[in-house]
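For the record, in the sequence shown the residue sitting at position 197 is 1103 according to this note's numbering, with numbers rising by one throughout.
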Amino acid sequence: MVKLSVIVPFYNVQQYAPDTLRSLRANAREDFEFILVDDCSRDGTPDILARAERELPGAVLVRHERNGGLATARNTGIDRARGTYLTFLDGDDWLAPGYLPRLVAGVEELGCDFVRTDHVQCTARARAVHRVPVGRRNVVLNPREAILPADRSTSVDYAYAWAGVYHRRLVDRGLLHFTDGLRTAEDRPWIWKLHREAESFAAVSLLGVFYRRGVASSLTQIGDIRQLDFIRAFDQVVAETATDPEADALLPKAVRTYCAIISHHLGSIERFEPAVAKKLKSLSAAALRRMPQNVLDEALDSMDLLRATKLRRLRRRPAPAGAAA
């Protein structure tokens, strides 16, 4: 029996893939499998992964004939996974030696649907620890109760799929797959669905995931049209939350977060290509008008004056007919 499936998408990361693969080897166990998904890389990544398929214990190599993006690549891995538990890693990040066995031991001891972990953010040579915004550690909690309050950072804002481990029953319930084709913000609808519909989770003080920031090929560094998928992602969050039995309580959090993300992108609009920057404004204006207006008004009233004023002005901006993300 496979205890843990580790799903690792790769796309044009030949500079970093060797470090990632070495860290997997330092976590290998006879009941672990590593599902390496090559999302149609066009650099030296496929050759690196071909060697890993031969040399890394438990490696399973899957190749995409077309680039589908991170969400689709993760779904490919989920569909191939055989483990009782599943976790994720990105192809340019790495793990501390022995991290995965400790992660599995933690979730087995707690017996919950999923466990969330802290991580280390790495920017050049700088290191910073980022904590799950959950105060109680090593205690099984109700995921729904970790969504609120609306005006503070909570567990749904810590959307990193690789910062945790997930029981197979979440796959069986249709809760672990990502929205196919999302090229950015794919973790957002996913983490909201987990917290709305899973039955139990816990946060543990376990460090071992090293998240590499500032990678030139990362979508967070590229101002092209793919970045605008955050609108489709948050439209999904709001639409699904609106159908929840506790929508009145949860929608203010979803809408306020959506507004904060729009404001964030507008605040760094200079990094976008000119045509994409124009589209960002028009699509964001349309998104604001799609939100439940009474909830949006309350969200804007709760934000600082500068951001709220910019978003109110944007909401009044005429949008081209048929504007869509």
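Here a beta-carbon is modelled for each residue, glycine too, at the ideal position from N, C-alpha and C.
Put residue i into one of helix, strand or coil per three-state DSSP.
{"i": "Asp1078", "result": "helix"}
{"i": "Pro1039", "result": "coil"}
{"i": "Gly1070", "result": "strand"}
{"i": "Thr926", "result": "helix"}
{"i": "Glu939", "result": "strand"}
{"i": "Arg1058", "result": "coil"}
{"i": "Gln1127", "result": "Residue confidence is low: Gln1127 scores 47 on pLDDT, short of 50, so the model does not pin down where it sits. Its coordinate-derived value is still stated next. Of the three classes helix, strand and coil, the one that applies to Gln1127 here is helix, per DSSP."}
{"i": "Ile1053", "result": "coil"}
{"i": "Leu1047", "result": "strand"}
{"i": "Tyr917", "result": "coil"}
{"i": "Thr1215", "result": "helix"}
{"i": "Thr993", "result": "strand"}
{"i": "Arg1222", "result": "coil"}
{"i": "Tyr1117", "result": "strand"}
{"i": "Ser911", "result": "strand"}
{"i": "Ala1153", "result": "helix"}
{"i": "Arg1033", "result": "strand"}
{"i": "Arg972", "result": "coil"}
{"i": "Ala958", "result": "helix"}
{"i": "Ala965", "result": "strand"}
{"i": "Asp944", "result": "strand"}
{"i": "Gly872", "result": "Any answer about residue 872 is impossible in this case: the structure gives the chain only from 907 up to 1231."}
{"i": "Ala1231", "result": "Confidence at Ala1231 is low in this model, with a pLDDT of 48, below 50, so its placement is unreliable and the value that follows should be read with caution. Three-state DSSP puts Ala1231 in coil, outside helix and strand."}
Just the Cα atoms here: how many angstroms apart are residue i and residue j?
{"i": "Gly1041", "j": "Thr1060", "result": "10 Å"}
{"i": "Leu1113", "j": "Val1046", "result": "19 Å"}
{"i": "Pro1198", "j": "Thr990", "result": "40 Å"}
{"i": "Asp1078", "j": "Lys1099", "result": "14 Å"}
{"i": "Ala1104", "j": "Asp985", "result": "19 Å"}
{"i": "Val1026", "j": "Arg1089", "result": "23 Å"}
{"i": "Arg1177", "j": "Leu1186", "result": "12 Å"}
{"i": "Leu1125", "j": "Ala1153", "result": "Note that Leu1125 scores a pLDDT of 48, beneath 50, so its modelled location is shaky and nothing firm can be said."}
{"i": "Asp1207", "j": "Ile1137", "result": "22 Å"}
{"i": "Thr926", "j": "Val1035", "result": "19 Å"}
{"i": "Lys1216", "j": "Ser1174", "result": "14 Å"}
{"i": "Gln1133", "j": "Ser911", "result": "29 Å"}
{"i": "Arg1050", "j": "Phe1084", "result": "19 Å"}
{"i": "Ala1191", "j": "Ala1091", "result": "19 Å"}
{"i": "Asp998", "j": "Arg1031", "result": "15 Å"}
{"i": "Leu907", "j": "Arg988", "result": "The question names Leu, yet the displayed sequence has Met at residue 907. About 8 Å."}
{"i": "Val1144", "j": "Arg957", "result": "43 Å"}
{"i": "Ala1166", "j": "Leu1211", "result": "13 Å"}
{"i": "Gln920", "j": "Ile1053", "result": "37 Å"}
{"i": "Glu971", "j": "Ala965", "result": "19 Å"}
{"i": "Leu1082", "j": "Val1062", "result": "15 Å"}
{"i": "Ser1169", "j": "Leu1194", "result": "11 Å"}
{"i": "Met1209", "j": "Val1161", "result": "12 Å"}
{"i": "Asp1150", "j": "Arg1075", "result": "21 Å"}
{"i": "Tyr1005", "j": "Phe994", "result": "13 Å"}
{"i": "Ala1214", "j": "Ala1181", "result": "25 Å"}
{"i": "Leu1202", "j": "Arg1033", "result": "37 Å"}
Determine the closest residue to residue i out of the options, with distance taken between C-alpha atoms.
{"i": "Asp1141", "options": "Ser1174, Phe1116, Gln1027, Pro1095", "result": "Pro1095"}
{"i": "Ser1188", "options": "Arg1223, Arg988, Gly950, Thr978", "result": "Arg1223"}
{"i": "Ile1131", "options": "Ala1183, Val1035, Leu927, Tyr1117", "result": "Ala1183"}
{"i": "Ala1056", "options": "Leu1156, Arg969, Leu910, Leu1212", "result": "Leu1156"}
{"i": "Arg1058", "options": "Asp998, Thr1163, Ala1002", "result": "Thr1163"}
{"i": "Leu1016", "options": "Ala1109, Glu1051, Tyr1066", "result": "Ala1109"}
{"i": "Trp1000", "options": "Arg1118, Leu967, Arg988", "result": "Arg1118"}
{"i": "Leu992", "options": "Val919, Ala1067, Arg1031, Ala1052", "result": "Ala1067"}
{"i": "Asp996", "options": "Ala1139, Gly1080, Gly983, Arg1008", "result": "Gly983"}
{"i": "Pro1003", "options": "Val1115, Pro1151, Val1161", "result": "Val1115"}
{"i": "Arg1043", "options": "Asn1200, Pro924, Phe1107", "result": "Phe1107"}
{"i": "Tyr917", "options": "Lys909, Gly950, Arg935", "result": "Gly950"}
{"i": "Thr1029", "options": "Gly1120, Arg1218, Pro1151", "result": "Gly1120"}
{"i": "Asp1086", "options": "Asp1150, His1170, Arg980, Glu1179", "result": "Arg980"}
{"i": "Ala1205", "options": "Arg1196, His1171, Ile913, Pro1158", "result": "Pro1158"}
{"i": "Arg969", "options": "Ala1214, Leu1172, Pro915", "result": "Pro915"}
{"i": "Tyr1064", "options": "His1101, Arg1196, Asn1048", "result": "His1101"}
{"i": "Pro1039", "options": "Asp1135, Pro1007, Ser1111, Arg1008", "result": "Ser1111"}
(message) Just to confirm the assignment: which complete alpha helix (DSSP H) runs, minimum length 4, are found wholly within the segment 999 to 1030?
(response) Scanning the segment 999 to 1030 for uninterrupted alpha helix (DSSP H) segments of 4 residues or longer gives 1005 to 1016, listed from N- to C-terminal end.
(message) Does the structure place the segment 1010 to 1022 close enough to the segment 1067 to 1077 that three or more beta carbon pairs sit under 8 Å?
(response) Yes, the segment 1067 to 1077 is in contact with the segment 1010 to 1022.
(request) Specify whether the segment 928 to 947 and the segment 1019 to 1027 touch according to this definition: at least 3 beta carbon pairs, one from each stretch, less than 8 Å apart. (result) Cβ pair count under 8 Å is below three, so no.
(request) Any chance you could list the beta strand (DSSP E) runs of at least 3 consecutive residues sitting entirely within the segment 1082 to 1112, in chain order? (result) Entirely contained in the segment 1082 to 1112, the beta strand (DSSP E) runs reaching 3 residues are, in chain order, 1107 to 1110.
(request) Could you tell me whether the segment 921 to 935 touches the segment 951 to 970, where touching means 3 or more Cβ pairs closer than 8 Å? (result) Between the segment 921 to 935 and the segment 951 to 970 there are three or more C-beta pairs closer than 8 Å, enough to call the two in contact.
(request) Give a yes or no on contact between the segment 974 to 988 and the segment 942 to 954, applying the rule of three or more CB pairs nearer than 8 Å. (result) Contact between the segment 974 to 988 and the segment 942 to 954 is present, with at least three C-beta pairs closer than 8 Å.
(request) For the segment 1126 to 1205, list the alpha helix (DSSP H) runs that are entirely contained and at least 4 residues long, ordered along the chain. (result) Complete alpha helix (DSSP H) runs here, min 4: 1135 to 1148, 1153 to 1173, 1180 to 1196.
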